Structure formats: C-alpha cells, structure tokens
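A.B. asks: Residue numbers (this note's numbering), protein chains in the order written: chain V, 28 to 309; chain C, 767 to 1063; chain U, 309 to 705.
Glycine is no exception: its CB is placed at the ideal position from the N, C-alpha and C atoms.
Quick caveat: nothing in here was measured; it's all calculated off a predicted structure.
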Amino acid sequence: MEPNRKQDSNRLATFVWVLALILIWELGATLVAQTKRTPENVLPHLYQIVESVFSTKLVNGSQTAFQIVLANAGITLARAGIGFMLGAAIGFLLALLMNLMKTVEKIAFPYLMIIQMIPILGMAPIVLAVTKDIDKSRVIIAAILTFYPVATNTLAGFKAVPGEKLELMHVIAASKFEIYRKLLIPSCIPYFFTGLKVSAPMAITASILVDTLQGGGGLGTMLSQSLKHAMTIYVFWQIVFLSAIVGILSYHLMSVIEKLAAPHRWARKVKLDEPAQLDEPA
Amino acid sequence: MNLRSSMNPPEEISVRIAATQQDVSNPEAPAADRRRFDAENLTTLLYPIVFGVLILILWQTQVLHRILGADTFTLPLPGRILTIIADNAPEILMNARATAIVALTGLLFGSMLGYLLGVIAAVFPKWGIGGLTVVSAFNAIPIIAVAPILNNLTKDFSRDADTRSMLAKILVVTLMTMVVMSINAYRGLTELKPYSEDLMKSYAARRTDVFFKLRVPNSVPFLFTALRVSVPGSVICALVSEYFAEYIVGVGRQIRENIVLAQYATAWAYILTACLMGILLYAILLAAEGSLLKGRR
Amino acid sequence: MKKTSKGKSINLVALATVCALTLSLLAGCTGGAPAAASASAEASSESVAATAAPEASSTEPSASAEAAGMYYDAAATVESIVKDAAGKGMVGNWGLGNEYEIQALLSKYVQPTTFLSQAFDMDGFDDDSILLASAMTYNELGLVKNSYDGGYKYGDKVKAIDMNDEGVAMLEDNIFCTEAFAKANPNTVKAFLAASMKGWKYACENPEEAAQIVFKNGSSVSSEHQAYMASEVKKLVETDTKGATVTEYGKLDDAALQQTLDLAKKYIMLKDSVAADKLKAMTLDDIRDASYLAGSSSAGTPEKSSVSIQLKWLPQAQFMGYYVALDKGFYKESGLDVKIVPGGGDISETTAVYSGQVDFGVTWVSNLIAANAGGMTLTEVAQVFQRSGLVLVHKVN
C-alpha cells in the first residue's frame, strides 16, 4: 500500500463528491428559480453566492456583504475560541476529578449528559442573571456546550491505560502525583486531542448559536438579521458556507496542534492507524 | 442545541469505542465477583439520585438561587414547575408527542440512511470515503441555518402546513443523525479484528459471507455508539427545528414562546419535559444495548 | 473488541428489535396524533399555543382556484376576507407575543383564533401559503408593495386591514425600565426621556435625514426601505388610534392603554395559574408611570449617567428617535452617555432590562403586560407609538 497514491485517490473521490453535490444544488436552484418569485430566499445558484462575496455594493453605511460577514466572523470566532479553551479546560479538569474520585464520576456523569440536554434558551437567562453581561454569558454557554466531548474522551484516555503499566507504577512505589504526571496524563493526551477535535467545530456552531441570543455583533446575529430580511439574504448564504468551512478548518487545526504538541506520538499513531483508516488491516 | 456530536471522523470513533468498551467490560472486576458488581451498580444508580434530590432541595429552599445569584423568576421553584405540568398535562403531552414523532422518525430514517451510506462506503471504499468526508462537512453547519433552509425547501410538499412543517423538521433530524451513523457504520464495517478477514479468506469465504458474518456483526457496537450520540441529538435537533417551523406545535416552540414572553415557569415546565424525553430515550437505548451486547463481551 | 463469530443471528435479532421498538413507538404516536390535533382545534380559541386547524375540506377549493378568483375583490368587506382566510386556516402571524391583535380581530368576526407561524419574511404571503399575512405598516407592508431591493413589487395589487380601524389596536413601541430603576434614578429617567423625545421630534420633522442617520449607525436595511420606514413610523408617532394628531411625543394615552390592557387580558393565555391570576387583577397603575415624562423638562443631575437601551428589534428606522438623539448629541446635552443595544434575539428586551443587563427597553405594551404577569416589575415611562402599526395584508384580484 502506498499511502500517497491512496491519499490522492481519496482526494479525487472527495472532489468528485463535491462536484456531485454542486450539481444537485444547481439542479435544485434551477428548479427553484423557475417556480419561485424570490428564489434567492429558498436556494440561490452557487455562482450568485460567489458573486455576492465579490460584490462591491455597500449593504449598510460602510460595508459590503462580505465585509460584514468577515467583521462579524472575527467576533464570533474570538468568542468561540475563548469558549472552546474554557470548555477544554473544564472538560480536562472534570475528567481528572472524575478519575481521581469514583464518587465524583458516578455523580457527575449522568448530570453532564442532562446539562447537554437543556436547551440554551432555558440556560441563557440564568447565566445572564449570574453574569449580568451578555458577552460573558455567550462565552460561558459556548463553553458549556463544548466541554462534554473533551471530558468524556479524556476520561476514556485515563481508563485506557493498561493495568500492567499502573501496576508497575505501584510496584516502584510511585506517588499518586507521579503516576498522573508520568503515566496517566501523558497517555491520555491523544484522547484529549480526540475530544478537542470533536468539540472544536462544536464550539463554532455553539458560538453562532449564542450570537442569536441578542443583538450586537457576531455571525449568528447577522444570520438571523439576514433571515429576517433586515439585510441582503446573501449574507445568510455566505455565513452558511463560511461556518462549514471554518468548522472543518478548526478540526484540522486541532490535528496540526496535536502534531506540534506531540510529534513522536503522532508519528506512532500514523503508523498504527493509517492502514485501518483506509481499508482493512494490511 | 447545535449538532452536539459534530464531526466524528473515523479516527475519533474508534477511540471512543475503545473507551466505552473499556468502560463496560471493566477488566479489573471479573464476573465471578457478582456481589461486588451489584454493589457497584447500586451506587452508580444511587449516587446521582441522592445528588439530584439534594439539588432539588437546595433549589426548592432557594439556597441554589443564592449561590447562583438568580431569583425565583428566572429559575422558578420546582414546586411551581410541577404545578404547571400537572395543570397543563394534556397540552404538554400533545406537544411532547409532536416532538417525539419528529425526533424518532428522523432518528430512524437518518440512522437507516447513515448505515446504508456506511455500507456503500465499505463496499466501495475508493469512492465511499470521499463521500463520508463530504457528509461529515454537513455537521459543521449550525442547525439554526439548516432548519430555515429546509423549511423553505419543503414549502411545496403539501398545502397542509402541519404536514410540510413535519417533513421539514424530520429532515433536519435525519440529516444530523445520518452523519453520525454513516461514519460509525463505516468504521464498524471496516475496523475488523486483526487477521479475522484473513481467516475468513483462508476458509475460502465468499465476499457476501465476509460481509454478513464478519462485517455486519462487527458493526453492531459501533451502531450503538452512533445512537448514543444521535438519540439525545435527535431530541435537541427536533426542538431547534420547531423554532422555525410554520406549524406551531412542539416542546421546542413552547420553550421559545414562553422564554420570549418571559413566562419562565412555563418554559421550565417544557424544558423539564424535553430533558425527560431525552433521558427516557437514552435509558431505553442503554437498556437495549446492555441486553443485546451482553453476550458479546 | 471481543466478539464471537456466532454474532450474526444475535445482531439480526438486535436490529430487528430496535426497529420494531421504534416503529411501534411511532405507530403509537401517530395513532394518537389526529385525536390530539382535533382536540387542540377545539380548545384553540382559548389557547395561546395557537395551532392552525387544518381543514381538509377548505384546502381543496383554494388549491384548485389558481385562477383570477383566488384572492379578494378590492371592494370586499373586511368581514368576508377575514372569514374566508380564517376558514382556510391561512391567516399568518409571527407569534411570540405579536399575535394578540390578530386574535382579537379573528374573535371579532367569530373565527377560531388560530394562525400559521409566519417567518420574518413575506415569502409565505408571496407563494400563497398565507392568504392574510401580518405586516407592520413601516416594514413588511413596504417590502410587499415596493420594488426596491428585497421588495416583492406588488404595488397596488395588495390591500391591508388596519387594526386601528377595526377597533382592536394594541399599543406597540414604548420605553420602559424596572420600577426599582425608575425610583432610584428619577433624574436619569427624566433626562433620558427628554432627550429621546427631542430625538423623536427631530426625526419626525426630518424623516429622510433620520433614516440616513440610522443607516449610518449600523443598520443594514437598504437606504430606500429605511426612508420608507421613517415616513411610516412618523405617522405612528404623530397619530393616535382614532386618527387624531398627537403633538406631545411619547404621551401615555390612558384610553388606548386601557384598550390594550383589556385585549391583553382576553388574549394572553398563561399556562401558569399564578401568572394568569396576576394578569386578571392587573390595572394600568401596574404597568405605567406618567410622572417621569411630565416632569422631564425640570430634570436635575442624572443619578446614573451611563445608560443603555435595548431595542425591540434590529436596528432600523423603527427606532430612529434614539439614533437621532445619539447622533445629534441630545443625550450628551442631558449629561447622559447612552448605548443602544439592538434587539431581535431570543433574550427579549423585557428579560434584558429585568436582569439589569440594560437600563431601558423598547417593547410592545402587551409584552410588558405578559412579563409583569410572569413576575417582572417593569414600568412603562413613555409611549412612543401612539397607534398600532400592525396590519393584515392580502392580495386583490
């Protein structure tokens, strides 16, 4: 198996799929264009969306549609970033705590799930009452929405440490702190990154979601304004594509960081995982 | 309220799977020690319940409010919430039913479609993986963007607003659950035990035999992993898609109406309903998983 | 992964069971649904969770009548139009507290108070899934009629039913704060109102300039539509529900407020019995305080100089008075540093003010009534819009 050739053919396949998707979209758009009076509200042609990106027409006092999207993307991504880091920290600490104390794990685990099930509309007023500030509330809610994968994956990482290694640590009479520092924490890092990779795109969708809680700035606010026809509908379509792209990029960013943070681990992982990822084990 | 699961590219899932299995099989507690196992189970159930009751007491006695700095208006007392549920039981049930139909139908279609996609990807890996990559990109689009698009696209489906709204809502859930299932199904169909396929080959098994006797059984635990993500996810998706639907019904819509109208106690009655629905479905799933996979570990 | 090779049969059973379970659950649900739907249709006249009653018999003719006769004659009476559209279940409103006037109108013509949830665009009206659509005179009605960017270009091919003419008007945009805030900062409230009303006066005298100011201050509504909006908003600020001219900006018109409160009591359906009782007992004194507006000219030094106001909706000429006051420095002259917070999100202005996140808010009187019934202690200090801006728009043949 030559990984490079495989990767190329994978890329080709993805490309063909994207083409197929574009074709379906365009077919739909053509159909919509013939039957609706305002097709751009339902499904515009892709070239219209691209055109709107490069359009120089000002849609408010000073910005074009794309400038609005970019300016607000900055706000949303900043919040997503802070929320994500906060969520990752909370997730890691929770996992550590749960691993240290079985009781905590038993108590917390079901409730972590339940918290995820509370609609943010219910959560938001309470968080707002506590913080009295909408932007802090937004970051906190984004963190609440993203810590779960990190916590579960990291906990899984702690538990995946082979028993014999732990026994060895006990045999050499290592302290609890040492066990964590030398064995548990290093070996849970890949799992931690797995959690990060899941929650990074979530942080972005969560951040867009919490934008819609109130006016001000942010992609979500613009998305809802655009849907409410307070500005050109193409802002909405641009945000749809931008959020998808940024979401995917955020995932890859985590991979890159993982690579930088633990290069040797990555190298080993690739060797182990690569064949399995593509086909059955060689 | 967004796609909770989000992208789980193949690599992630395997780790999660490994984790869950580690979790359940619990190598350190051999099955022989039944009594200890039962005690474990008991505390697993008891601790959260005791904690929950404690929180409820703190909540009802408003100690929780003092800690959080909230008042009984934004965080209504449990007693009042329960009174509202009791007073409006038929209506709440009607809304819960509408939401349940959306969540479950979407879950069913989405999971079946996802599994089918996984099968296609496993049978034709060359094209399938590319397809999965594209499908997983859907997960990076927030639901609040997807729901209005689908709502608009299904306008011509029926002249009856309830029917077309229902379709739009189900499609949102289908899309979300499909992504999770397809990636996990693919993983389950291809991530075989080392050498098991070679073994099958050495028996001169046909491709279909390898598929049905090796790959499909292998995918079942992965199927449940997907469901663990998509069962709560489907409820949340259903709630959000209701915000945008034309026909006014469902728990999610009621939550939004009441929050916007500042009727927090009523909103919390519906939030509680939503949580209970999610927990109930998840419990059913865990029970099904427990009984079906028991002999396999 | 430990698994046995005999897993196949187990798995098939597993899959079958899961599917069967789900299907049976679903069957149980759908089986019960029609009964529930009809029950809700019966209860709907008393229910705020207005579920549109789908009437199979009436959708048939409207579907086949694609020809010229589908809409209403220009001379048709309001009663006949409302009855027809309501009978077909094709009256639209946004819900979320915007529906009470529509429900009052439907009740006036003895129709069930159910409606379709209308999106915040007029596509549903455009594609005929809604025959009688809600619209604000200053916003949606303009989009439907006009042909600028985002408009639907109907021109004279649409007519509107005015809530004021029908006697079911409820007052909309006001200025409110919490009772506690008003008591603690009377001078701030007075100064804020004085400067805001000065802004409104200027805006109404120069609507086109006001529209430009709003546009400049971050609104993304096109400048043509903004100008239209300003001219329509001016009418709402300067005319009362009876059509008489109002010269005192922000005046608390007790007769109109009382009508609003009466209608609110009838159509705001609260599931929470505590809140419902509170609503029933509510009087005008619970929701408004005219003293701050009257004494606004003789305001002392503001107790709190840095204040914020959350709007009911997105930044647009609907709120031009505040933007003008900010832009022209009226707030600064009164010793206030004002921040305008756009609305339109799910944290409503009532919640934002109540939680102390902002000091003032602009909301509809009915929303303030509902919030106070729910347990907030908000008080209206000025009534900016003197008449209802809500209309029901329909196409004419």
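Would you say V/I168 lies against chain C (beta-carbon separation less than 7 Å)?
C.D. replies: Indexing the first sequence from 1 puts residue 168 of chain V at position 141. No, because no Cβ of chain C sits closer than 7 Å to the Cβ of V/I168.
A.B. asks: Check each residue of the stretch 384–396 of chain U: if its Cβ is closer than 9 Å to any Cβ of chain V, include it; give the result in chain order.
C.D. replies: none
A.B. asks: Find the residues of chain U that neighbour C/A848, judging by a C-beta separation of less than 9 Å, and give them in chain order.
C.D. replies: Counting from one through the second sequence, the residue named residue 848 of chain C turns up at place 82. Residue identity differs from the one stated: residue 848 of chain C is Leu in this sequence, not Ala. Per Cβ cutoff of 9 Å: no residues; C/L848 is ~12 Å from chain U at best.
A.B. asks: V/H72 lies in the alpha helix (DSSP H); which residues open and close that run?
C.D. replies: On the first sequence, residue 72 of chain V is found 45 positions in, with the first residue counted as 1. Run containing V/H72: none; DSSP gives neither H nor E here.
A.B. asks: Output, in chain order, the set of chain U residues within a Cβ distance shorter than 7 Å of V/A156.
C.D. replies: Start at 1 with the first residue of the first sequence, and residue 156 of chain V comes out as number 129. Simply S663.
A.B. asks: Would DSSP call V/R64 helix, strand or coil?
C.D. replies: To locate residue 64 of chain V, count along the first sequence from 1; it is residue 37. When secondary structure is reduced to three states using DSSP, V/R64 falls in the coil class, being assigned neither helix nor strand.
A.B. asks: Please report the distance separating the alpha-carbon of C/P891 from that of C/L879.
C.D. replies: Working through the second sequence from its first residue, we reach residue 891 of chain C at position 125. Working through the second sequence from its first residue, we reach residue 879 of chain C at position 113. Using only the alpha carbons, I get a separation of about 17 Å.
A.B. asks: Is U/G458 close to chain V? Criterion is C-beta to C-beta, closer than 7 Å.
C.D. replies: Reading the third sequence from its first residue, position 150 is the one you call residue 458 of chain U. Interface residue, yes.
A.B. asks: Taking its Cβ as the centre, do 16 or more other Cβ atoms sit within 10 Å of C/F1010, making it buried, or is it exposed?
C.D. replies: In the second sequence, the residue the question calls residue 1010 of chain C occupies position 244. Looking at its Cβ environment, which holds 16 or more other Cβ atoms inside 10 Å, C/F1010 is buried.
A.B. asks: For a cutoff of 7 Å on Cβ pairs, would you count V/N99 as touching chain U?
C.D. replies: Against the first sequence, residue 99 of chain V aligns to sequence position 72. Not an interface residue.
A.B. asks: List, in chain order, every chain U residue whose beta-carbon is nearer than 9 Å to that of C/R994.
C.D. replies: Sequence index remark: in the second sequence, residue 994 of chain C carries index 228 (1-based). Within chain U, no residue comes near C/R994; the closest Cβ sits about 13 Å away, beyond 9 Å.
A.B. asks: Would you please verify whether the beta carbon of U/G403 is less than 7 Å from any beta carbon of chain C?
C.D. replies: Within the third sequence, the letter at position 95 stands for residue 403 of chain U. Yes, its Cβ sits closer than 7 Å to a Cβ of chain C.
A.B. asks: Please name the residue, chosen from U/Q419, U/F500, U/L404, U/I438, that lies closest to U/Y379 on a Cα-to-Cα basis.
C.D. replies: Position 71 of the third sequence, counting from 1, holds the residue named residue 379 of chain U. For the residues U/Q419, U/F500, U/L404, U/I438, the minimum Cα distance to U/Y379 belongs to U/I438.
A.B. asks: Could you check the C-alpha separation between C/G884 and C/A992 for me, to the nearest Å?
C.D. replies: Counting from 1 along the second sequence, the entry for residue 884 of chain C is found at position 118. Counting from 1 along the second sequence, the entry for residue 992 of chain C is found at position 226. Distance between the alpha carbons of C/G884 and C/A992 is about 12 Å.
A.B. asks: Figure out for me which residue from C/G999, C/P842, C/Y1013 has the closest Cα to the Cα of C/A864.
C.D. replies: The residue labelled residue 864 of chain C in the question sits at position 98 within the second sequence. That would be C/Y1013, whose Cα lies nearest to the Cα of C/A864.
A.B. asks: Beta-carbon separation of U/V689 and U/Y600 under 7 Å?
C.D. replies: Walking along the third sequence from the start, residue 689 of chain U turns up at place 381. Walking along the third sequence from the start, residue 600 of chain U turns up at place 292. Yes, the Cβ-Cβ distance between U/V689 and U/Y600 is below 7 Å.
A.B. asks: Could you name the residues of the same chain whose beta carbon sits closer than 6 Å to that of C/I936, not counting the 5 residues immediately before and after it, in chain order?
C.D. replies: In the second sequence, counting from the first residue as 1, residue 936 of chain C sits at position 170. Here the set comprises V868, T871, G872.
A.B. asks: Tell me U/L485's beta-bridge partners as DSSP assigns them.
C.D. replies: Position 177 of the third sequence holds residue 485 of chain U. Sequence check: residue 485 of chain U is Cys here, not Leu. Looking at the DSSP assignment, U/C485 forms a beta bridge with U/T687.
A.B. asks: Are there 16 or more other CB atoms within 10 angstroms of the CB of U/K647, so buried, or fewer, so exposed?
C.D. replies: Start at 1 with the first residue of the third sequence, and residue 647 of chain U comes out as number 339. Exposed: under 16 other Cβ atoms inside 10 Å.
A.B. asks: By the three-class DSSP mapping on this structure, what secondary structure does C/Y961 have?
C.D. replies: Along the second sequence, read from residue 1 onward, the residue named residue 961 of chain C stands at position 195. Three-state result, C/Y961: coil.
A.B. asks: Could you check what DSSP says for U/T312 in three-state terms: helix, strand or coil?
C.D. replies: As a first step, residue 312 of chain U is located in the third sequence; it is residue number 4 there, counting from the start. Only weak support exists for where U/T312 lies, its pLDDT of 41 falling under 50; the value from the coordinates is given anyway. Coil, per DSSP.
A.B. asks: Do C/Y813 and V/K129 come within 7 Å of each other at the CB atom, strictly closer than that value?
C.D. replies: As a first step, residue 129 of chain V is located in the first sequence; it is residue number 102 there, counting from the start. As a first step, residue 813 of chain C is located in the second sequence; it is residue number 47 there, counting from the start. No; because the gap between Cβ atoms is not below 7 Å, this pair is not in contact.
A.B. asks: Out of V/G108, V/L210, V/G222, which has the shortest C-alpha to C-alpha gap to V/A169?
C.D. replies: Residue numbering aside, residue 169 of chain V sits at position 142 when the first sequence is read from its first letter. By alpha-carbon distance to V/A169, the top candidate from V/G108, V/L210, V/G222 is V/G108.
A.B. asks: Drop a sphere of 10 angstroms on the beta-carbon of U/N406, count the other beta-carbons inside from all chains shown, and report buried for 16 or more, exposed for fewer.
C.D. replies: As a first step, residue 406 of chain U must be located in the third sequence, where it is residue number 98. By the 10 Å Cβ count, U/N406 comes out buried.
A.B. asks: Ignore the nearest five residues each way along the sequence and tell me which others in C/P844's own chain have a CB closer than 8 Å to its CB.
C.D. replies: Along the second sequence, read from residue 1 onward, the residue named residue 844 of chain C stands at position 78. Within the same chain, C/P844 has close Cβ partners L822, W825, Q826.
A.B. asks: With 7 Å as the threshold, decide whether the Cβ of U/Q652 is near any Cβ in chain C.
C.D. replies: For the purposes of this step, residue 652 of chain U is identified with residue 344 of the third sequence, where counting begins at 1. The question names Gln, but residue 652 of chain U is Gly in the sequence shown. Not closer than 7 Å to any Cβ of chain C, the Cβ of U/G652 fails to qualify, so no.
A.B. asks: When you compare the CB of U/V399 with every CB in chain V, is at least one pair closer than 7 Å?
C.D. replies: Indexing the third sequence from 1 puts residue 399 of chain U at position 91. Not one chain V Cβ lies under 7 Å of U/V399.
A.B. asks: Would the beta-carbon of V/M144 fall within 7 Å of that of C/C1003?
C.D. replies: The residue given as residue 144 of chain V occupies position 117 in the first sequence. The residue given as residue 1003 of chain C occupies position 237 in the second sequence. Contact: no.
A.B. asks: Decide if U/A535 is buried, meaning its Cβ has at least 16 other Cβ atoms within 10 Å, or exposed.
C.D. replies: Numbered from 1 along the third sequence, position 227 holds the residue referred to as residue 535 of chain U. U/A535 comes out buried.
A.B. asks: Are the C-beta atoms of C/A927 and some chain U residue less than 7 Å apart?
C.D. replies: Within the second sequence, residue 927 of chain C is the residue found at index 161, counting from 1. With respect to chain U, the C-beta atom of C/A927 has a partner C-beta closer than 7 Å.
A.B. asks: Could you pull out every residue in the same chain whose Cβ sits closer than 7 Å to the Cβ of V/S234, ignoring the five residues on either side in sequence?
C.D. replies: Walking along the first sequence from the start, residue 234 of chain V turns up at place 207. Answer for V/S234: T103, R106, A107, G110, A169, listed in chain order.
A.B. asks: If you compare alpha carbons, which of V/N87, V/P217, V/I51, V/Q241 is closest to V/S282?
C.D. replies: Here residue 282 of chain V refers to the residue found at position 255 when the first sequence is read from its first residue. Out of V/N87, V/P217, V/I51, V/Q241, V/P217 has the C-alpha closest to the C-alpha of V/S282.
A.B. asks: What residues from chain U crowd round C/F977, counting only those whose CB sits closer than 7 Å?
C.D. replies: Reading the second sequence from its first residue, position 211 is the one you call residue 977 of chain C. Going along chain U, no residue has its Cβ under 7 Å from C/F977, so there is no contact; the nearest lies around 11 Å.
A.B. asks: Measure the Cβ-Cβ separation of V/F136 and V/T181 and say whether it is below 7 Å.
C.D. replies: Translated into the one-based positions of the first sequence, residue 136 of chain V becomes position 109. Translated into the one-based positions of the first sequence, residue 181 of chain V becomes position 154. Taking a C-beta distance under 7 Å as the contact criterion, V/F136 and V/T181 do not qualify as a contact pair.
A.B. asks: With a cut-off of 8 Å on the beta carbons, I'd call C/V946 and C/V912 a contact; round off their distance for me.
C.D. replies: The sequence position of residue 946 of chain C within the second sequence is 180, counting from 1. The sequence position of residue 912 of chain C within the second sequence is 146, counting from 1. Their Cβ separation, rounded to whole angstroms, is 15 Å, which puts C/V946 and C/V912 out of contact at 8 Å.
A.B. asks: How long is the line joining the alpha carbons of C/T849 and C/T1032, rounded to whole angstroms?
C.D. replies: Taking the second sequence and counting its residues from 1, one reaches residue 849 of chain C at position 83. Taking the second sequence and counting its residues from 1, one reaches residue 1032 of chain C at position 266. Rounded to whole angstroms, C/T849 to C/T1032 spans 10 Å at the Cα level.
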